[in-house]
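With this note's numbering applied, the sequence shown corresponds to residues 7 to 356, in that order.
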Amino acid sequence: MAMDLPDHAAADMALASSAALSTDTLDWPVHGLADDMRPALAAALARGPAALATIIALGDGGPRPVGTQMVFGAGTRAGFLSGGCIEADVEDHARACIADGQSRRLVYGEGSPWPDIRLLCGARIEILVEALAPDDPAARDLLTLATSRVPATWISDGSRRACGPVDQPPEAWPGAFSRRFDPAPRLVVLGGDPTALAVADLGARSGFETTLIRPKGPLAPPPLAGVAYRRDEAATALAAIGLDPWTAVAICGHDIELDHAALATALPSLAPYVGLLGARRRLGERLERLRSAGVSERDLTKLRAPIGLDLGGKAPFEVAVAVIGEIMATRNGRIPLPLRERVASRSEVG
7 MAMDLPDHAA
17 ADMALASSAA
27 LSTDTLDWPV
37 HGLADDMRPA
47 LAAALARGPA
57 ALATIIALGD
67 GGPRPVGTQM
77 VFGAGTRAGF
87 LSGGCIEADV
97 EDHARACIAD
107 GQSRRLVYGE
117 GSPWPDIRLL
127 CGARIEILVE
137 ALAPDDPAAR
147 DLLTLATSRV
157 PATWISDGSR
167 RACGPVDQPP
177 EAWPGAFSRR
187 FDPAPRLVVL
197 GGDPTALAVA
207 DLGARSGFET
217 TLIRPKGPLA
227 PPPLAGVAYR
237 RDEAATALAA
247 IGLDPWTAVA
257 ICGHDIELDH
267 AALATALPSL
277 APYVGLLGAR
287 RRLGERLERL
297 RSAGVSERDL
307 TKLRAPIGLD
317 LGGKAPFEVA
327 VAVIGEIMAT
337 RNGRIPLPLR
347 ERVASRSEVG
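What follows is the structure in structure tokens.
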């Protein structure tokens, strides 16, 4: 996957000081809290040219996987690549990349031209830094597909790039790096008590596009940053949101009818995670009612009930941690057993 890109190290270092951001933003790396760089890329390109830095190869492990990215734009940065070992140097190169429009390939660790930059993990990291104009066609396609919640394939060698849907990907070429972009993870929470609020709040803070549904709830939305709000009936709201393979549903309604309506809609959907907050002793009758409503046994096995990992806590944020942890385990292909048994094994609970 070698790419013959010019060595601009000297020019990069000369431009570093003029492109530096304020000291305050460097002291606390909150820019690294987000993992999906598409929103940051959209914001950066709206203001002018940007640079996209991508880990394209790793040797001997590393704190972040291949495909991890950072975005740099006018007065902004987002993401992190190594936990602090190389970010400042990558930014120096990225700012110079924006200035001259030339892509770079950076190597840290073994074979690096900068032996004074040490990686505590002992890894070797290769990073492609590419300049993107505000009207870059591939970046435009990437952001359009993200808005439409369509998985995308991104291919680039630094000077040429293309992007298209996963089911109709652009043709790759020698020396190019390819990575997949799935739609942003979403979380839908039903309910209005402190536990539901805690789950929604933690979900938004954890990178989920989060919506709280409280049928006939207050006109004013909950005072939670990053949480959308709907007041319509559960089935209507869930249908309007659209439950796709990247959406999790957490039902925390403490209302038999609300819970049933939400379950009857969510379980047959494409949502990979549906969790229900409630007493274990009532689970059997809830399952029988869902069967009577036509929910298949296959769909019932999707249900996580009682919701969340068995962490032993019952306070709102303790439950929220358990729920978000279970959703993340499911998203990453980790079935959280033996902490949680499948509903299928408890179908006779009364």
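The C-beta atom is built at its ideal place from N, Cα and C for all residues, glycine as well. Since this is a predicted model, take the numbers as computed values, not measurements.
Endpoints, the beta strand (DSSP E) within which residue i is located
i	result
A57	56–65
I257	253–257
L112	110–114
A234	233–236
A40	Element bounds for A40: n/a, residue is neither H nor E.
Boundaries (first-last residue) of the alpha helix (DSSP H) holding residue i
i	result
A268	262–272
F323	322–337
L244	240–247
I104	93–106
V205	200–211
E291	289–298
Counted within 10 angstroms of its Cβ, other Cβ atoms place residue i as buried (16 or more) or exposed
i	result
Q75	buried
D33	exposed
R53	exposed
D265	buried
K320	exposed
L208	buried
L225	exposed
S162	buried
A178	exposed
G232	exposed
W160	buried
C303	Here the sequence assigns Glu to residue 303, which means Cys is not the residue at that position. That one is exposed.
Beta-bridge pairing of residue i - partner residues as DSSP gives them
i	result
W160	C169, R185
T150	In the DSSP output, where bridge partners are listed per residue, T150 has none listed.
L309	V280
F78	A57, R83
V194	T217, V255
V135	A59, R110
R130	G65
Closest Cα partner of residue i within the set the options
i	options	result
V72	P274, S88, E303	S88
G184	V195, V172, R192, R155	Correcting the residue identity first, residue 184 is Ser in this sequence and not Gly. Selected option, being the one with the closest Cα: V172.
A137	I131, R130, A145	A145
A105	V135, A204, T60, P176	V135
R130	P119, G68, D95	G68
A40	F214, A335, Y114, P200	F214
G117	D141, G65, W160	G65
A84	V36, P228, G181, G248	V36
D142	A241, L51, Y114	L51
D305	G314, Y279, I219	Y279
A152	C169, G164, S165, A326	C169
7 Å Cβ cutoff, residue i in contact with chain C
i	result
D141	This model lacks chain C altogether, as it is built from one protein chain only.
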